[in-house]
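Written out below as structure tokens is the structure these notes cover.
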Amino acid sequence: MADSFREEILDAQVGTGADVEMAEGAGGNEDKLNNFELSFAEGSGEDPLAPRVTFLQYLTSPIITLLVGSSDNETILTAHQGLLTQSPFFSVACAEFLDDGSPHQIELPSEDFDAIGCFLEFLYTGDYFPRKIPGQRTLEKDSSTPDVDATGDQLLKHAKVYTLAEKFGLSQLKNLASSKIHLVNSTAKGEIAYARYVYEFTSKDDTSIRTSVVNFWATRSHTLRAEAEEEFRGLCLEFPQFSYDILTRVLNEKLKRERNEKMHLDMPSSARKRPRHSSSAAAT
Numbered sequence: 001m002a003d004s005f006r007e008e009i010l011d012a013q014v015g016t017g018a019d020v021e022m023a024e025g026a027g028g029n030e031d032k033l034n035n036f037e038l039s040f041a042e043g044s045g046e047d048p049l050a051p052r053v054t055f056l057q058y059l060t061s062p063i064i065t066l067l068v069g070s071s072d073n074e075t076i077l078t079a080h081q082g083l084l085t086q087s088p089f090f091s092v093a094c095a096e097f098l099d100d101g102s103p104h105q106i107e108l109p110s111e112d113f114d115a116i117g118c119f120l121e122f123l124y125t126g127d128y129f130p131r132k133i134p135g136q137r138t139l140e141k142d143s144s145t146p147d148v149d150a151t152g153d154q155l156l157k158h159a160k161v162y163t164l165a166e167k168f169g170l171s172q173l174k175n176l177a178s179s180k181i182h183l184v185n186s187t188a189k190g191e192i193a194y195a196r197y198v199y200e201f202t203s204k205d206d207t208s209i210r211t212s213v214v215n216f217w218a219t220r221s222h223t224l225r226a227e228a229e230e231e232f233r234g235l236c237l238e239f240p241q242f243s244y245d246i247l248t249r250v251l252n253e254k255l256k257r258e259r260n261e262k263m264h265l266d267m268p269s270s271a272r273k274r275p276r277h278s279s280s281a282a283a284t
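Counting in the UniProt record's numbering, the sequence shown runs from 1 upward without gaps.
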């Protein structure tokens, strides 16, 4: 499968403002660190009189322990409270800490470990790997992953970051993950794995991610289905909403075409008259 798979959807996302370039602004992450200020800190740009929060202030805030996973799969991570509380989710959690000497820790038993890693990387640097290459519709090369995502793992990585950002209330990370999804070169089976995750773990009202999935399959299912017939059928049976959304999209496009054709047929003919022929020309 080729990059053209997602080019149409990426263009649509850019047109609607959904594809947000997070790390390609002037200066990039290097300038952020040199200025010791995070551009996404609360109050930045909204209140010109608010005191400037420096990067060192974040680093001198209390260390919070994060318990990710459960049982034998539980992993301990740590992060600075000043950065974590940029998320409304963690702001509420940290507000419940007691000053009685007890450890400040937050349990995240059901969260994906790699997604949490990307979340923390974003908090500290403003982006996560693989980053988008400036001026190109591609991501940094990752030697541990193939160029073509045949299993959906690369798509799922960004999809899990997307749903995590939704839960933690970080719209910038959510938009960043969405923009990276559209840069992954995948196969039909990889796309099916991604669509299954979206319809299982996102809200029905989350049109920002579901619409792109529906548009993708509505415009390509006639060719991609042959490459993964059984997987596509299983997805449709498992998630009837997926089937309904695709059918609605196809029927809406059909109705739109019919209306355009009818308007074209109903248009008055040109008022320009046929050229008159002189009698002499007619005689000849």
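By construction, the Cβ of each residue, glycine as well, lies at the ideal position given by its N, Cα and C atoms.
Secondary structure at D127: coil, using DSSP grouped into helix, strand and coil. Counting C-beta pairs closer than 8 Å gives three or more between the stretch 98 to 109 and the stretch 47 to 66, which meets the contact rule. Shortest Cα-Cα distance from N252 to any of S179, F239, A218 involves A218. Per the DSSP secondary-structure output, Q105 pairs in a beta bridge with T65.
Closest in C-alpha terms to A159, from the list Q172, Q136, D142, Y197, comes Y197. P130 is a Cβ neighbour of D142, given a cutoff of 8 Å. Per the C-alpha coordinates, the member of L173, F119, L108 positioned closest to S70 is L108. With the rule of 3 Cβ pairs closer than 8 Å, the stretch 67 to 86 counts as touching the stretch 107 to 125.
A straight-line Cα-Cα distance of about 10 Å links T54 and T60.
The three-state reading of DSSP puts L98 in coil, since its state is none of H, G, I, E or B. Y162 and S178 do touch by the CB rule: their CB atoms are close to 6 Å apart, below 8 Å. Between Q241 and Y194, the gap from beta carbon to beta carbon reaches 8 Å or more. In this structure V68 is in contact with E111, their Cβ atoms being roughly 6 Å apart against a cut-off of 8 Å. Counting only runs of at least 4 residues, the stretch 195 to 252 fully encloses the following alpha helix (DSSP H) elements, listed from N- to C-terminal order: 207 to 224, 229 to 238. Y58 counts as buried, since at least 16 other C-beta atoms from the protein chains shown sit within 10 angstroms of its C-beta.
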